[in-house]
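For reference, the structure discussed in these notes is given below.
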Amino acid sequence: MTMVITGNSTLQTEVEDLCDVNMDACIQCGTCTGGCSGIELMEYGPRQIIQLIKLNQRKILLDSRAIWMCVSCHICEDRCPAKIKTTSLMDTLREMACVESTTKSNEQIQFHKLYIKQVKAFGRSHESMLTMALTLKGTPLPPLKLMKDLITRMRVDIKPPHRPDKSYRLAIKRVEKGGSKGHGK
23 MTMVITGNST LQTEVEDLCD VNMDACIQCG TCTGGCSGIE LMEYGPRQII
73 QLIKLNQRKI LLDSRAIWMC VSCHICEDRC PAKIKTTSLM DTLREMACVE
123 STTKSNEQIQ FHKLYIKQVK AFGRSHESML TMALTLKGTP LPPLKLMKDL
173 ITRMRVDIKP PHRPDKSYRL AIKRVEKGGS KGHGK
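What the sequence shown shows, in the numbering used here, is residues 23 to 207, in sequence order.
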């Protein structure tokens, strides 16, 4: 039987305020972890991350590789009977790690910031532009054969996506100013 921890830790209150998630609604069923596409790369699954937040384990979480391994596929959210927004939760933890500079790898923070910058500009990430931006920041290029194969099979688009419409840009600005329960800095 799984022990369910309830009650608001300092970290829990902070995270809930930033991403509008009620972690006490989590029934610890494990459906999120069972469906997680990145679970093999994580030292903590989504269910454990929620428990660590409730236990106020800030340093463990923000130093964790798990928050960077989430690929935001939303499978955990789609399957969650309590409708916990795990993807928002993970993004909030990544933002907190960037601000507090607790993460071991500067490359992770660099990738995250470039990714968010592209999403703000285009409404989604663009793989070729992201690869080039990372290369300019000092990250080695992927092997040319791999890039050629991805481009030839149309797995990576060379052209940037269309810019998002005005309503999307206004929503981003509102979140950045704190007009929504977002965290976007």
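C-beta atoms are modelled at their ideal positions from N, C-alpha and C, and glycine is treated no differently.
As the structure is a prediction and not an experimental result, all values here were calculated from the model.
In terms of residue numbering, what span does the alpha helix (DSSP H) encompassing GLY67 cover?
Careful: GLY67 lies outside any alpha helix (DSSP H) and carries neither H nor E.
Could you tell me the boundaries of the alpha helix (DSSP H) in which CYS41 lies?
Run containing CYS41: 32-41, per the alpha helix (DSSP H) assignment.
If you drop the 5 nearest sequence neighbours on each side, which residues of the same chain put their C-beta closer than 6 Å to that of THR108?
Around THR108: CYS54, PRO68, CYS98, GLU99.
Decide yes or no for the touch test of the segment 72-89 against the segment 132-145: beta carbon pairs closer than 8 Å, at least 3 of them.
Short answer: they don't touch.
DSSP three-state call for VAL121: helix, strand or coil?
Correct three-state label for VAL121: helix.
Helix, strand or coil, according to DSSP, for MET51 in the structure here?
At residue 51 the sequence reads Cys, which differs from the Met that was named. Note: CYS51 maps to coil in three-state DSSP.
For the alpha helix (DSSP H) holding ALA88, just list the boundary residues, first then last.
Run containing ALA88: 88-91, per the alpha helix (DSSP H) assignment.
Tell me the residue span of the alpha helix (DSSP H) that contains ILE82.
From DSSP, the alpha helix (DSSP H) with ILE82 extends over 80-84.
Taking the C-alpha atoms as reference points, what is the distance between ILE138 and ARG80?
The alpha-carbon atoms of ILE138 and ARG80 are separated by roughly 23 Å.
By Cβ distance below 8 Å, which residues in the same chain neighbour SER31 in space, the five residues on each side in sequence not counted?
These residues qualify, in order along the chain: ILE75, LYS76, LEU77, ASN78.
In the DSSP assignment, find the unbroken alpha helix (DSSP H) run with GLU149 in it and report its ends.
Per DSSP, GLU149 belongs to the alpha helix (DSSP H) from 149-158.
Taking 8 Å as the threshold (C-beta atoms), are THR114 and CYS58 in contact?
For CYS58 and THR114, no; Cβs fall outside 8 Å.
Classify GLY56 as helix, strand or coil using the three-state DSSP reduction.
Looking at GLY56 - three-state DSSP - the assignment turns out to be helix.
For LEU63, I'd like the list of residues in its chain whose CB is within less than 6 Å of its CB, leaving aside the five on either flank, ordered along the chain.
Only MET91 meet the Cβ criterion.
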